[in-house]
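Chains as they are written, first to last, in our numbering: chain A, 13 to 364; chain B, 862 to 959; chain C, 44 to 485.
Beta carbons are placed, not taken as given, at the ideal position from N, Cα and C, and that holds for glycine.
Since this is a predicted model, take the numbers as computed values, not measurements.
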Amino acid sequence: MIFSHLLTVQSGGIKRSSLEVLARGLALADALNTNGYATELHAVVCSPEVADWTAEKWSAELGAYGVDTVWSATDESFKEHNNQALLAAMQTAHSQATNLEAKPSVVAMASTEGVKDILGALSMRLGASVVADVSEFGVAAEGDGLQLTATRPVMASKAQTQVQTTAKHVMVSVRSGSYGILEAAGGHEGGTPTHQPVKIAHLNVDQTDSKLQTQIREIITAAADTIDLNEAEAIVAAGRGVKDETAKALIAELAGVLNAGIGASRALTEAGVYDPSVQIGQTGKVVAPQLYIAVGISGAIQHVAGITNSKVIVAVNKDADAPIFEVADYGIVGDLYEVLPALIAEIKRLKG
Amino acid sequence: MKSLAERLGLVGYRNQSRSEIKPHIVVDTDICNSSCPHKCTTWVCPANCYTLDENQKVHFQVEDCIECGTCMYACDQGAVDWNYPDPEIGRGVNWNFG
Amino acid sequence: MEDERFDAIVIGGGVAGLSAAMTLARANMKFLLVERGEFAGAKNVSGGVLWGSDLAKLVPQYWEEEDGGWERFVNHRRLSLMDAQSAFTLDFKSSHWNEPPYTGVVVLRARFDNWLAGKVQEAIDASDYAEESFIATDIKVDQVIMEGGRAVGIKTGDEEFHAKVVIIAEGVNNLLTRQVGLQTEYVPADHMLTGIKEIIRFDQQRLEDRFQLRGRSGMSNEFVGWATDGVEGGGFLYTNKDTLSVGLVLSIADLRAQKKSPHDILSHFKTHPVVADAIEGGEVVEYSAHVVSSGDKRAMPREVYADGVLIVGEAANLLLNAGKAIQGMDYAMRSGILAAETVVEAKASGDFSLGKLADYRKKLDASYIMKDINGFQDAVHVLHDPIMQHKVPNILCDFGRSFFSIDNQPTAKSKDMILDAVRRHSSLWEMAKFGFKAGRSL
C-alpha cells in the first residue's frame, strides 16, 4: 500500500506538524513492511520555495524519514494557500503514486486550516473515506484495502471517540502535537549517514482548473508579521509587568525562538503598548494553545476557561502570590528582565 | 476539592477555538467603578467572570460565562446588559450532563 | 387561500417547550419549535428530579425503553437538616414506588431534553403536518414581533416566522416575557436563586452499593441548614445512573448581602462529614450553574398570557419549593401541555383572541400547579425563614446528639433534651410560635 503525506513548507523548512505525521507514517510503514505488506512512503510538497532545494537539502529535511518519493510542485500558484491548485496537485500525485489508484492508500496530513479547506473535496476526488482531526491512528491491511483505526477527541477534548474505517483509500488528518518528530533528521558531520537519499519527482499539475476558478485577490492579516493567535500552537502573553520597550523586545524574542504568537492583556492594549488585535481574554481573543506563557500577568483578571484549556501554562511573575500560579503548570517567580533572557538563552541552546 | 479553575476546565464551551466572538453580556464597568456601593458581581458569579484588579476596578470577561443569569439579578445598578449568546458567533456553554 | 402561518411557534426546547410541542404534534397542529442551543438540553441545568406522572402521558411506557433519557426512578426520599457535624434525616424508602409510572425520575437535562426532542420529532413525523412542523436548533429569538399590541411571530437575525400564537418557553431568564410587557425589564434578586452543582462520576456498581440501589431505583436527598453556610437556600443530592448530582440553590440577594461566593459554598457543602462520606471516591466531571425560581409568587410575571402570547414553564416562574421537593420540571411539563391544549381549542373554534387565550389562565388555575403555588406560599416563606434555615437544624442536631448518645451517665428524659436544645439556640416561645406557623403552612 501507499502512504502519501502532504507536507507544508514554512520558513525554509518542512513544518513541524507535517513531520510529526510523517514520523508516524514511517513507523506504520516499517511495521507493515516487516509483516509482509509492501508499503511505500510518499510525500507531496507544493511550494515555490522548494524549487531551488538541492539534493542535500532534501536529504537534510527528509532523509531520516525513509521517504521513497517526494512529489514536488513548485508553481507560483502554490505561494499562498490555493485550494484548487492543492487539490489538483494532491490528486495527480496520488494517482501516480498508487499507480493510478490500483494500490490501497492512506493520505495523511496535519490537521491545519489549509488541510481542513481541502479535506472534503479531496475525499470526493480520491473516493477516499476521511477520518479528521485525530490524536492517534493505526493502519492494518484488510482484504484488498486497509483498515484505519483512530482516536478522536470530541466536545473540546472532554471525551474521546474510537473511529474505524475499512476502505481502499483513506484520508486522515492529525492534530499537531500528537506525535513526536525524528531527532536525527538534520545533517550530521561525519559518521554513518542516518538517512537515505530522497528521490524527487516533479509534479506537473494541470493548472487550467485552478486558473479559471479561484484567484487570491487579497490577503488580509491583522498585523503583517505576527502569527495568528487562533492558529498558534504557542503563545507568549504579556501583562502589566511588561512596561517598556526592553521588556517588549524580550517578549518578542521569546516568542521568536518558540515560533509563538504574541498576545497581550487588556491593560496593555488599552494603554497602547500593544495593538488591540492581540488582546487575549476580556472579550478579546479566545485561545487554547499547546503552550501559554504568561509574562508579568497577575492572573487576577485573566479569564480562566481559555487558559485552563491550554495544554501547558507557564507563568513568570515577580509576585509569588499572584493568582496566575494557581492555574499554571510551571511557575517562575522572578523578575522578567532576568528570567526571560535566561529562558531565551536556554531555549536557543536546546534548539542547537 | 477542585478549584474554580479546575471546575471551569470541565465545562464544554461553544466556539472554544474561535478567536473573534460576539460577547453576549456587556457590562458598563464605568457604573461599577463610579457609583456602585457593592460591586457584588465580583463575588456572586459562579464562574468568576467579574474580577477586581489591584486598583479595585471591576473587570468583566465573557469567555468563562456559563449563562446562569445570576448577574442579571444581582446587579441593581443597571450595569449589566444581559442576553443569550449568538449560536453562530457567540460563546456560551454546551452542557454534557446538565 | 391557505394561511401560511404556523398555528404556534414555541420558543425554547426545554421541558415546557417540548411538552407543548408534543401535545401540538399529537393534535395535528402546524408548529415550529426554536431552541437556541446546539441540541435540546445543551443550555439547560436542573437539580434535578422530574416529579409526577405527566411524563407517562407524554411518552407512554417510557420506562420500557432500554436507554430512555431518564436516569433513575425515585423510591427513596431523604430530607436532612444539618449542623456542622451532623445531619438529622427524615428517611423514607418504599417499594410502593417501584412500579411505573414512577413518582419521580432523576434526569440529566442534556440527555433528557435531547431524548424528549427525539420523541417529539417522532410525533411530528406521525402528524398531518410532518413536512411543515419542525424543531429548529441553533436559533436564538431576538424578539417577539408585535403588531398593534398583538404577538404575530418571532424575529431571529434577519429571518421572521409568523404564527397565530407564540408560546414562550424560554426559561427562567425570561427576556422575551419582559419584551412583551408581562414582566418588568429588571427583575430584582429578592426572590431568585442561583442553582449550582457538580456531576460526580462513580463506577456504577459502586454507586448502587453505596446507595443501596437496585436495578434502576434511585434516591433523592434534600438538605437545609449548615449546607448553605448561612445563606438562604438548600442543598440536594440525587443519584443518576452512574453519577451523582450534588449541589445547592442559594438566594441571590443573600449571597449579595453576605458577600459569599456560590462556588465556595458548594465546596463547603461537600466537606460536611455526611456529604463527604456520600461522595467519597467519585470524580467530578461537570460543573454547572443556573438561576432558578424560588416559588415565591412575588417574582412571577403579572400574567401568563397576552394577545397572541402564552407563557409556560419557568418563563412564568412556575416552580415550587415548599421544603418537600423542588417542583419545576413537572410544572413546566403540565403548563406546556395546557398551553398547547389552549391552542388546539383555539384552532378548533377559529378564535385566537385574547379572550380565548385566557382559557390557559383558567386551566392553569384549575390545575395542581396554581393550587399548590397559591396554597403553599406560606410554606415557601417558612422555608426561607431564618429560623427554619438556621435554628431548627441546629436544635434538631443538638437534640439528636443528646438523644442518640449513650454515655454511661443517668439518661435525661427526651422532653428535657428537647427543651435543652431549644434553649441553646432559641426560646420555647419562639419555637412554639414558629411551630404553629409552620404546622399551618405545610
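Under 7 Å by beta carbon: chain B residues contacting residue i
i, result
"ASN321 of chain A", "GLY870, GLN877"
"ILE336 of chain A", "Simply none; closest approach about 10 Å."
"VAL339 of chain A", "ALA866"
"ILE295 of chain C", "VAL905, THR931, TYR934, ALA935"
For residue i, the three-state DSSP class (helix, strand or coil)
i, result
"TRP365 of chain A", "An answer regarding residue 365 of chain A cannot be provided, because it is not within the stretch 13 to 364 covered by chain A."
"MET235 of chain C", "strand"
"PHE131 of chain C", "strand"
"PHE90 of chain A", "helix"
"TYR304 of chain A", "strand"
"PRO884 of chain B", "coil"
"GLY37 of chain A", "helix"
"GLY202 of chain A", "The predicted position of GLY202 of chain A is uncertain, since its pLDDT is 36 and thus under 50; a value taken from the coordinates is nonetheless stated next. The answer is coil: DSSP assigns GLY202 of chain A none of H, G, I, E or B."
"TRP65 of chain A", "coil"
"GLY189 of chain A", "coil"
"THR146 of chain C", "coil"
"VAL318 of chain C", "helix"
"LEU215 of chain A", "coil"
"MET492 of chain C", "Given a span of 44 to 485 for chain C in the structure shown, any question on residue 492 of chain C remains unanswerable."
"PHE395 of chain C", "coil"
"ALA342 of chain C", "helix"
Within 7 Å, strictly: CB atoms of residue i and residue j
i, j, result
"PHE312 of chain C", "MET125 of chain C", "no"
"LYS34 of chain A", "TYR77 of chain A", "Note that residue 34 of chain A corresponds to Leu in the displayed sequence, not to Lys. Yes, these two residues count as a Cβ contact at 7 Å."
"GLU114 of chain C", "ASN957 of chain B", "no"
"LEU439 of chain C", "PHE135 of chain C", "no"
"MET72 of chain C", "ALA166 of chain C", "no"
"SER84 of chain A", "SER185 of chain A", "no"
"GLY371 of chain C", "LEU381 of chain C", "no"
"TYR403 of chain C", "LEU353 of chain C", "yes"
"ALA232 of chain C", "ALA935 of chain B", "yes"
"VAL248 of chain A", "ILE263 of chain A", "yes"
"HIS214 of chain A", "ASP925 of chain B", "no"
Cα-Cα separation between residue i and residue j, rounded to whole angstroms
i, j, result
"SER16 of chain A", "MET102 of chain A", "9 Å"
"VAL182 of chain A", "GLU81 of chain C", "30 Å"
"VAL142 of chain A", "LEU31 of chain A", "20 Å"
"GLY273 of chain C", "ASP307 of chain C", "12 Å"
"GLU73 of chain A", "LEU38 of chain A", "14 Å"
"VAL175 of chain A", "SER29 of chain A", "22 Å"
"HIS920 of chain B", "LYS458 of chain C", "56 Å"
"GLY275 of chain A", "ASP339 of chain C", "48 Å"
"SER176 of chain C", "VAL53 of chain C", "11 Å"
"ALA85 of chain C", "GLY200 of chain C", "21 Å"
"ALA368 of chain C", "GLU245 of chain A", "49 Å"
"ASP168 of chain C", "THR227 of chain C", "39 Å"
"ASN876 of chain B", "ASN955 of chain B", "10 Å"
Residue of the options minimising C-alpha distance to residue i
i, options, result
"THR365 of chain A", "A:VAL339, A:ASN216, A:GLY311, A:ILE313", "The displayed coordinates of chain A run from 13 to 364. Any statement about residue 365 of chain A would go beyond what the structure contains."
"TRP858 of chain B", "B:ARG875, B:ILE886, B:GLY873", "There is simply no residue 858 of chain B to check, as chain B begins at 862 and stops at 959 in what is shown."
"SER260 of chain C", "C:VAL352, C:HIS205, C:VAL117", "C:VAL117"
"ILE305 of chain A", "A:ALA267, A:ASP156, A:GLU282, A:ALA153", "A:ALA267"
"THR220 of chain C", "C:ILE461, C:GLU357, C:SER310, C:ILE322", "C:GLU357"
"ASN329 of chain A", "A:GLY253, A:PRO353, A:VAL316", "A:GLY253"
"ARG361 of chain A", "A:ALA279, A:GLU282, A:GLN302, A:LEU270", "A:LEU270"
"VAL77 of chain C", "C:ALA59, C:GLY147, C:GLY91", "C:ALA59"
"LYS399 of chain C", "C:TYR411, C:SER410, C:ALA383", "C:ALA383"
"VAL149 of chain C", "C:VAL92, C:PHE442, C:GLY482", "C:VAL92"
"HIS424 of chain C", "C:PHE447, C:ALA99, C:LYS303, C:SER484", "C:SER484"
Neighbour list for residue i in chain B, Cβ cutoff strictly below 8 Å
i, result
"ALA232 of chain C", "TYR934, ALA935, ASP937"
"ILE369 of chain C", "Going along chain B, no residue has its Cβ under 8 Å from ILE369 of chain C, so there is no contact; the nearest lies around 16 Å."
"ALA109 of chain A", "In chain order: nothing, as chain B lies at least about 33 Å away."
"VAL334 of chain C", "CYS929, GLY930, THR931, MET933, TYR934"
Neighbouring residues, chain C, relative to residue i (Cβ below 9 Å)
i, result
"PRO948 of chain B", "ARG79, GLY80, GLU81, THR180, ASP181, ILE182, LYS183"
"LYS863 of chain B", "GLU241, SER310, VAL327, TYR330"
"ASN955 of chain B", "GLY80, GLU81, PHE82, ALA85, LYS86, ALA153"
"TYR874 of chain B", "What TYR874 of chain B touches in chain C: nothing, since even the nearest Cβ is about 11 Å away."
Partner residues on chain A for residue i, Cβ-Cβ distance less than 8 Å
i, result
"THR912 of chain B", "ALA312, ILE313"
Residues that residue i contacts on chain B, provided the C-beta gap is smaller than 9 Å
i, result
"ALA144 of chain A", "In chain order: nothing, as chain B lies at least about 15 Å away."
Proximal residues of chain A, C-beta to C-beta of residue i below 7 Å
i, result
"ASP925 of chain B", "HIS315, VAL316, ALA317"
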